[in-house]
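Working notes, beginning with the structure itself.
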Amino acid sequence: MHTTRSHSATGRLGVLLPGMGAVASTFIAGVLLARKGLTPAIGSLSQMARLDVGSGPDSREELIRNVVPLADLDDLVFGGWDPITRNVLDAARTARVLDREHLEPIADELEAIVPMDAVFDRRWVSRLEGVRVKPQTSKWEQAQALIDDIARFRVQHGCSRLVMVWCGSTEAYHEASAVHASMAAFAQGLKDNDANISPSQIYAWAAITSGVPYANGAPNLTLDLPCMIEAAAHHGVPVAGKDFKTGQTWMKTLLAPGLKARMLGLRGWYSTNILGNRDGEVLDAPENFKSKEVSKLGVLDTILEPGQYPDLYGHIDHVVRINYYPPRGDNKEGWDNIDIFGWLGYPMQIKVDFLCRDSILAAPIVLDLALFLDLAHRQGASGVQEWLSFFLKAPQSAGDTPAVHDLFVQRARLDDTLRAWAQEHAAARERAVVEHA
Ligand SMILES: NC(=O)c1ccc[n+]([C@@H]2O[C@H](COP(=O)([O-])OP(=O)(O)OC[C@H]3O[C@@H](n4cnc5c(N)ncnc54)[C@H](O)[C@@H]3O)[C@@H](O)[C@H]2O)c1
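Right, here's the structure in full:
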């Protein structure tokens, strides 16, 4: 008898979110409304996109969710941790992303989702004062407390599987140190309360060692560490990071490939934003903005390859700014001034003014990362899932070559991976039919 790795998605999938603020509450609200049939899941590839399958005369476009076994929206259960949020309805009201007409039909369900006390340390997010924080001061004990939370959640909600997506604040910038060099060093560092271990690293460690796939939606230094890569391989867990690709960086990964396709030169790219939500307030601290800046700046070089095209992209001034401006709330405005040059070097300019809604763009990405990581886990994939780079601003490479930033190449790789799994799944279904006949 044949076996297949294409295990179906039976049972409930628990989606655990460290950080239950604007993005997390908007994501949960959207899923609850979608499963009541009150709105389509706009912006979500897992729910709306189609994939080319079959070949020759059999070639056709099918919804992704019809050709790979994704968890059904009805089977999702939500939980998480937050040092401030009392419940998800409260978080949604504070964030002021969604109107009353969207919150009212699901208010009771949102209110019933109460975050667990967080592993939180102000040294990493100086602008926030945590009040719902775990009492443990030893990092080892904090990790054990999270592992216990995960196990309890699984049983209490009857989940057959779990995934975790970091939707918490951006932590202060820091670099890898000796404590991150291996699993053994990290475990020892937890016991020694090593100052280089951040809260997000403790969550990721708890998830991975509990066999739970983890995605990093912020620019934090979390999964891009040898200890986490080793742990993901050791526990057979897929991971994906980092930083949701939503507004300005998404635009950049659309426009830059276009310039390169035309062999037009780029002299400078100045990006500035105004943003008034809690994320903007956290990023107003220079040490937290530094994490975001590094994550945003990497994009152009890998797309434009200045080494290959020095005449076109050898001297680019790339500047990124975020300004905290409370009146704007979650409705960020991002300006780009792009200095390009063409035939004979004559200069031209492109101006982009993107009036976006941060959490509206991020929410479907949380859904897709959760569902695709869960699929990857059932497919037997582990370690860095480079095919999910499409959703991420600073995608992590699974090998020695740098990760690709070009949105269209990323989408092709995502489709290739899903197509291969769709074929496996179709073959398994055909075998099952033959065996039953
Ligand atoms: N919205 C977007 O377009 C977008 C894009 C890329 C990345 N991000 C990142 O996603 C994250 C969430 O954004 P948001 O707008 O929801 O921010 P937010 O401030 O509304 O929510 C973040 C929540 O994380 C909580 N938190 C902080 N430290 C925590 C910890 N140690 N454990 C658990 N919870 C913790 C905060 O209390 C807050 O409620 C941020 O890091 C942001 O930079 C957002």
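Position 67 (the sequence shown) corresponds to 1133 in this note's numbering; numbering is contiguous.
Backbone N, C-alpha and C define an ideal beta-carbon position, used for all residues, glycine too.
Nothing here was measured: the structure is a model prediction, and the numbers come from that model.
Starting from residue i and walking both ways along the alpha helix (DSSP H), at which residues does that stretch end?
{"i": "Asp1156", "result": "Val1154 to Ala1161"}
{"i": "Leu1480", "result": "Leu1473 to His1502"}
Name the two residues that bound the continuous beta strand (DSSP E) containing residue i.
{"i": "Ala1306", "result": "Pro1304 to Gly1307"}
{"i": "Leu1226", "result": "Here residue 1226 is Ser; the residue named in the question, Leu, does not match the sequence. Element bounds for Ser1226: Cys1225 to Trp1232."}
{"i": "Pro1084", "result": "Arg1078 to Pro1084"}
{"i": "Phe1093", "result": "Careful: Phe1093 lies outside any beta strand (DSSP E), inside the alpha helix (DSSP H) at Ala1088 to Arg1101."}
{"i": "Arg1116", "result": "Arg1116 to Val1119"}
{"i": "Lys1417", "result": "Pro1413 to Leu1421"}
{"i": "Trp1453", "result": "No beta strand (DSSP E) holds Trp1453; DSSP gives it neither H nor E."}
{"i": "Ile1406", "result": "Glu1399 to Phe1407"}
{"i": "Asp1383", "result": "Asp1383 to Tyr1390"}
{"i": "Val1134", "result": "Per DSSP, Val1134 belongs to no beta strand (DSSP E) and is neither H nor E."}
Just checking my contact of residue i with residue j at CB under 8 Å: how many whole Å lie between their CB atoms?
{"i": "Val1154", "j": "Leu1176", "result": "4 Å"}
{"i": "Leu1320", "j": "Val1278", "result": "So it is not a contact: roughly 33 Å between Cβ atoms."}
{"i": "Arg1328", "j": "Ile1382", "result": "Between Ile1382 and Arg1328 the Cβ distance is about 16 Å, and since that is not below 8 Å, they are no contact."}
{"i": "Val1432", "j": "Gly1283", "result": "7 Å"}
{"i": "Ile1130", "j": "Leu1117", "result": "5 Å"}
{"i": "Leu1441", "j": "Val1133", "result": "The Cβ separation is near 11 Å, so there is no contact."}
{"i": "Leu1437", "j": "Ser1112", "result": "5 Å"}
{"i": "Gly1408", "j": "Leu1330", "result": "5 Å"}
{"i": "Gly1400", "j": "Asn1339", "result": "5 Å"}
{"i": "Tyr1390", "j": "Glu1347", "result": "6 Å"}
{"i": "Ser1091", "j": "Ala1157", "result": "4 Å"}
Can you tell me whether residue i is buried or exposed? The criterion is at least 16 other CB atoms within 10 Å of its CB, across all chains shown.
{"i": "Ala1261", "result": "exposed"}
{"i": "Leu1421", "result": "exposed"}
{"i": "Trp1335", "result": "buried"}
{"i": "Arg1078", "result": "buried"}
{"i": "Ser1072", "result": "Residue confidence is low: Ser1072 scores 49 on pLDDT, short of 50, so the model does not pin down where it sits. Its coordinate-derived value is still stated next. Ser1072 comes out buried."}
{"i": "Leu1370", "result": "buried"}
{"i": "Gln1476", "result": "buried"}
{"i": "Ala1217", "result": "exposed"}
{"i": "Glu1496", "result": "exposed"}
{"i": "His1300", "result": "exposed"}
{"i": "Met1414", "result": "exposed"}
{"i": "Thr1076", "result": "exposed"}
{"i": "His1068", "result": "Bear in mind that the predicted position of His1068 carries a pLDDT of just 38, short of 50, making it unreliable; the figure below should be weighed with that in mind. So His1068 counts as exposed."}
{"i": "Lys1257", "result": "exposed"}
{"i": "Gln1314", "result": "buried"}
{"i": "Val1365", "result": "buried"}
Please indicate yes or no: does the CB of residue i lie closer than 7 Å to some heavy atom of ligand 2?
{"i": "Asn1343", "result": "You won't find ligand 2 in this model; what it holds is ligand 1."}
Note down, one range per segment and in chain order, each alpha helix (DSSP H) of at least 4 residues found wholly within the region 1288-1338.
1292-1301 and 1314-1327
Under 8 Å: do the region 1410-1418 and the region 1353-1367 share three or more Cβ pairs, one atom per stretch?
Taking 8 Å as the limit for Cβ pairs, the verdict is that the region 1353-1367 does not touch the region 1410-1418.
Report yes or no: do three or more beta-carbon pairs, one from the region 1204-1218 and one from the region 1268-1286, lie closer than 8 Å?
yes
Given 8 Å as the limit, is there contact between the region 1464-1475 and the region 1103-1119, that is, 3 or more CB pairs closer than that?
no
Under 8 Å: do the region 1339-1347 and the region 1086-1102 share three or more Cβ pairs, one atom per stretch?
yes
Taking 8 Å as the threshold, find out whether the region 1120-1127 comes into contact with the region 1184-1204 through three or more Cβ pairs.
no
Taking contact to mean at least 3 C-beta pairs separated by less than 8 Å, is the region 1489-1500 in contact with the region 1453-1463?
no
I'd like to know if the region 1230-1237 and the region 1252-1267 are in contact, where contact means that at least 3 CB-CB pairs between them fall below 8 Å.
Cβ pair count under 8 Å is three or more, so yes.
Threshold first: 3 residues or longer. Then list the beta strand (DSSP E) segments lying entirely within the region 1227-1275, N to C.
Qualifying beta strand (DSSP E) stretches: none in this window.
Would the region 1240-1255 and the region 1309-1320 be scored as touching if the rule is three or more Cβ pairs under 8 Å?
no
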